[in-house]
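Chains as they are written, first to last, in the numbering used here: chain A, 1 to 216; chain B, 217 to 432; chain C, 433 to 648; chain D, 649 to 864.
Protein chains: 4
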Amino acid sequence: MTDVARSPTRREALGIESRQRILAAATALMAERGYAGTSIAAVKKKSGLPSGSIYWHFENKEALLLSVIEQAAARWIEALPDTESLTGLPEERIQTFLNAAAQALEERPEFIRLILLISLERRDVDSTSLVPIRRARTLVRERLTTLFGGLLSSPDPKSKDSVARRFADFALMVADGAFIAHHLDRETTDLRAAFDLMRTALTVFLDENAAAASDV
Amino acid sequence: MTDVARSPTRREALGIESRQRILAAATALMAERGYAGTSIAAVKKKSGLPSGSIYWHFENKEALLLSVIEQAAARWIEALPDTESLTGLPEERIQTFLNAAAQALEERPEFIRLILLISLERRDVDSTSLVPIRRARTLVRERLTTLFGGLLSSPDPKSKDSVARRFADFALMVADGAFIAHHLDRETTDLRAAFDLMRTALTVFLDENAAAASDV
Amino acid sequence: MTDVARSPTRREALGIESRQRILAAATALMAERGYAGTSIAAVKKKSGLPSGSIYWHFENKEALLLSVIEQAAARWIEALPDTESLTGLPEERIQTFLNAAAQALEERPEFIRLILLISLERRDVDSTSLVPIRRARTLVRERLTTLFGGLLSSPDPKSKDSVARRFADFALMVADGAFIAHHLDRETTDLRAAFDLMRTALTVFLDENAAAASDV
Amino acid sequence: MTDVARSPTRREALGIESRQRILAAATALMAERGYAGTSIAAVKKKSGLPSGSIYWHFENKEALLLSVIEQAAARWIEALPDTESLTGLPEERIQTFLNAAAQALEERPEFIRLILLISLERRDVDSTSLVPIRRARTLVRERLTTLFGGLLSSPDPKSKDSVARRFADFALMVADGAFIAHHLDRETTDLRAAFDLMRTALTVFLDENAAAASDV
DNA sequence: TATGAATGAGCATTCATTCAT
DNA sequence: CATGAATGAATGCTCATTCAT
């Protein structure tokens, strides 16, 4: 008896849609005003579903937040290009990856906004909501580490990985910082220029690394 | 003996101290839990002063937030070294400045935390609280621009300023991003390493700029 | 069996009863102490229902006041006899009507008390609550005008209506004034005597009118 | 040793003026919004004097109300003509008196408004504030009784007084009712017409009384 | 005589949550 | 699966009043 994925009944499908509507409303509100600033009444109003339904689908407000973050984190990861799909010269691969990241930042700022806001707001209150956030960030860092590792030319795999990791951390920092700058000083900030500068920096690091490696 | 600027009476001095106690409590709480997450009851409990007194010193919660931010922004600026006090070679100056910035980040993280949290949380609610934040950031950016301008060697002052400004933006981004990384992935993040990487990047940019300038 | 106007479920019936309990408590309190003098806590205590329930049934205190007034106005009108039901000689009809009015005043003074108090207290604050009051008074004035119109004997319908209207205004004034006298100087005031005097006055007016009409 | 009314010192005069300013502000506010609807903060704002000063001049809010009412009642009585000053035929005397009353109603509605509002609002809370109100009304009723008594021609002084008293009560009722009508249905109410009607009624009563007296 | 600062009880209202249907 | 009614704790804020100066 195989576990055949039976298609949901009409009733179930309706339930799934309701859940999704609540999740979408909560995501938008929490990304805008934070967790404490988002009332169940506001979610009810925005989703169009009665508050009772919200508590049918989610145990409580905390659980709703967790689902919101999990979904947002999953989508954030989906938006980033897979490192394996990148080809060409090192500089080209970096360029492609950073372009994709900058584009994701510009087009779907709500996810990063949500992640940053919640992680700042909830750190000392309840850290369970930070788990999926950390998991997602770790995944992104690993992807970046893999990318840089593939571009470095050190003979020592251990030091290579360490250098790649440092580059990855640096890239993530610039991305976060760029988002905040874009968010806070939108008029005076040129997001693309910042990513260009980062690309230059990373390319230079790579070149230095290549030179150091050939010295050996 | 003219009656200029009479010193405050005992009662007035007490009032000033009360105000300061409320402000300190509110700053700590809002930096930790955000604006919406900080209740007046919590401020009352933490400051030890009755809620009526809070409303005697501040018109409402919004006004309290504004005062909190203004004080935090002022202290944040005070903590940063003045560019004029920096001496030595370009690399040394950058190093000194970044060291001071990293130290401020490590020792007094609450101010940046507050600034980032509030600017994310309140953006779409009420932007008046963002005014002192933007003012402080602009001041820091200008200080950085001056620093880099003094180290660049372009003959064209206009392009020099433009380059210095881009470097300043970049540095601020890395600083913000570093704070977030430090905050979110404390175990896996090496703040000093990130600032070292930024220093390297900036030094390389400067060298490239020097080379480009001598080409002319 | 069509599904028209289904009877309320047990829960719904309970809700209606709750609403009615709140309304009754608020009516009694507001008629006694006015709008500003009636706290939600007092309504909660008197009705026995939690404050949250009050806000479930009424949007806010203002809306509760409006409902209170609407209900009171409706009952006030119900208490007054319909002019069409009056028979007999003019003097008898007037007597019957005034008796009913005096009785209503004595038995259910709360409604007039509420109407007078609120209309004095809220005039310059928010006049929406005066709308149902004005509507009710207009209806009473029209009923009185009809009554007097039926008793007058002027050949000119226009002047007849104008005279009837003046009599109606006058009767309403004496009724209001009688209530206040009854309220303020209860010991020294004889409500029935006042209504008797009014009846005499109105009868005399009618006679004068008849004489004037026959002169033509 | 006569009780020479020494003129107040400058300091005292200032105090009297402050007291008067507070009283004026409180009168206006309480006549508009009632006692419960008038906060000390509002009196402070309207009078321009600090709340501490209000409590220096008046023991508490209740005492302030009492002073407000006493002053208002005194002025209300002052505004009415003395019955002894009235001369001429009975009808003329009534006309003069009612004209003065109607004028007072139109020109200084705040006093009646205050008296009616407070007496409705405070009846069941604290009746001490009703004492000066009752005293003032009694005085007015007596003045009216004297006026009518002088116009009546009954040989029996006891019955004469009783009739005069009934007329006085009736006149007061119409006056109060006229004020309310003027207040509530200003557009549709003709205050002068109502007073004219009352005058007619009173004159008729007097004539009837004269006829009845001569019958004896 | 006057007053600005303070106080805690009380205010109207919203909150997250429960539950009978 | 869904929902409208209910609940009482907690919210931001105003209140009448006190008191050192």
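The C-beta atom is built at its ideal place from N, Cα and C for all residues, glycine as well. None of the values given here were measured: they were computed from a predicted structure.
Using beta-carbon distances, T405(B) counts as an interface residue toward chain A, with a partner under 8 Å. Taking C-beta atoms as the reference points, Y35(A) and E121(A) count as a pair closer than 8 Å.
Y55(A) carries a helical assignment under DSSP once its states are collapsed to helix, strand and coil.
Between the segment 370 to 388 of chain B and the segment 347 to 360 of chain B there are three or more inter-stretch CB-CB distances shorter than 8 Å, so the stretches are counted as touching. Rounded to the nearest whole angstrom, the CA to CA distance from L418(B) to F383(B) is 7 Å. Look at D377(B) here: in three-state DSSP terms it is helix. A straight-line Cα-Cα distance of about 14 Å links I760(D) and R783(D). At least one CB atom of chain D sits nearer than 8 Å to the CB of S551(C). For L753(D), the enclosing alpha helix (DSSP H) starts and ends at 738 to 755.
Note on S153(A): under 16 other CB atoms within 10 angstroms of its CB, so exposed under the neighbour-count rule. Residues V259, S263, L265, S269, I270, H273, F274, L280 of the same chain have their beta carbon placed closer than 8 Å to that of I238(B), with the five preceding and five following residues left out of the count. The Cβ-Cβ distance between I115(A) and S129(A) does not fall below 8 Å. E835(D) and A826(D) have their C-alpha atoms roughly 13 Å apart. Residues of chain C with a Cβ closer than 9 Å to the Cβ of G797(D) do not exist; the shortest Cβ-Cβ separation is about 16 Å. For E502(C), the enclosing alpha helix (DSSP H) starts and ends at 493 to 511.
For G609(C), the three-state secondary structure derived from DSSP is helix. Around the beta carbon of N857(D), 16 or more other beta carbons lie within 10 angstroms, which makes this residue buried. Going by C-alpha positions, A511(C) is about 15 Å away from I501(C).
Between A534(C) and L623(C), the beta carbon gap of about 6 Å places them in contact (Cβ cut-off 8 Å). When CB distances to chain D are screened at a threshold of 7 Å, the residues of the segment 585 to 605 of chain C falling below it are R598, D601, F602, L604, M605, in chain order. At a beta-carbon threshold of 8 Å, the residues of chain B lying near A178(A) are M389, G393, ordered along the chain.
When C-beta distances to chain D are compared with 8 Å, the residues of the segment 448 to 477 of chain C below that value are E464, R465, G466, Y467, A468, G469, in chain order.
Under the rule that a run must span 4 or more residues, the alpha helix (DSSP H) segments found entirely inside the segment 114 to 174 of chain A read 130 to 151. Setting aside the 5 residues that flank it on each side, T578(C) is surrounded in the same chain by T515, each with a C-beta closer than 7 Å to its C-beta; the list follows chain order. Rounded to whole angstroms, the gap between the alpha carbons of V347(B) and I180(A) is 15 Å.
Taking C-beta separations shorter than 8 Å and ignoring five residues to either side along the sequence, the partners of T87(A) in its chain run R93, following chain order. Within the segment 133 to 144 of chain A, I133, R134, R137, T138, R141 place their CB atoms closer than 9 Å to a CB of chain B, listed in sequence order. Among the CB atoms of chain D, none fall inside 8 Å of the CB of L512(C).
For A829(D), the neighbours in chain C by C-beta distance under 8 Å run, in chain order, D601, L604, M605, D608. The contact set of R113(A) on chain B, defined by CB atoms closer than 7 Å, consists of L336 in chain order. Between V500(C) and chain D, the shortest Cβ-Cβ separation is not below 8 Å. Taking 8 Å as the upper bound for CB-CB distance, L98(A) and F195(A) are in contact here, some 5 Å apart. Residue G685(D) holds the alpha-carbon nearest to the alpha-carbon of M462(C) among T675(D), G685(D), A679(D). Counting of Cβ neighbours within 10 angstroms places I133(A) among the buried residues, the total reaching 16 or more.
Rounded to the nearest whole angstrom, the C-alpha separation of S51(A) and D342(B) is 27 Å. The residues V43, K46, S47, in chain order, have a CB closer than 6 Å to that of A25(A) in the same chain once the five nearest residues on each side in sequence are set aside.
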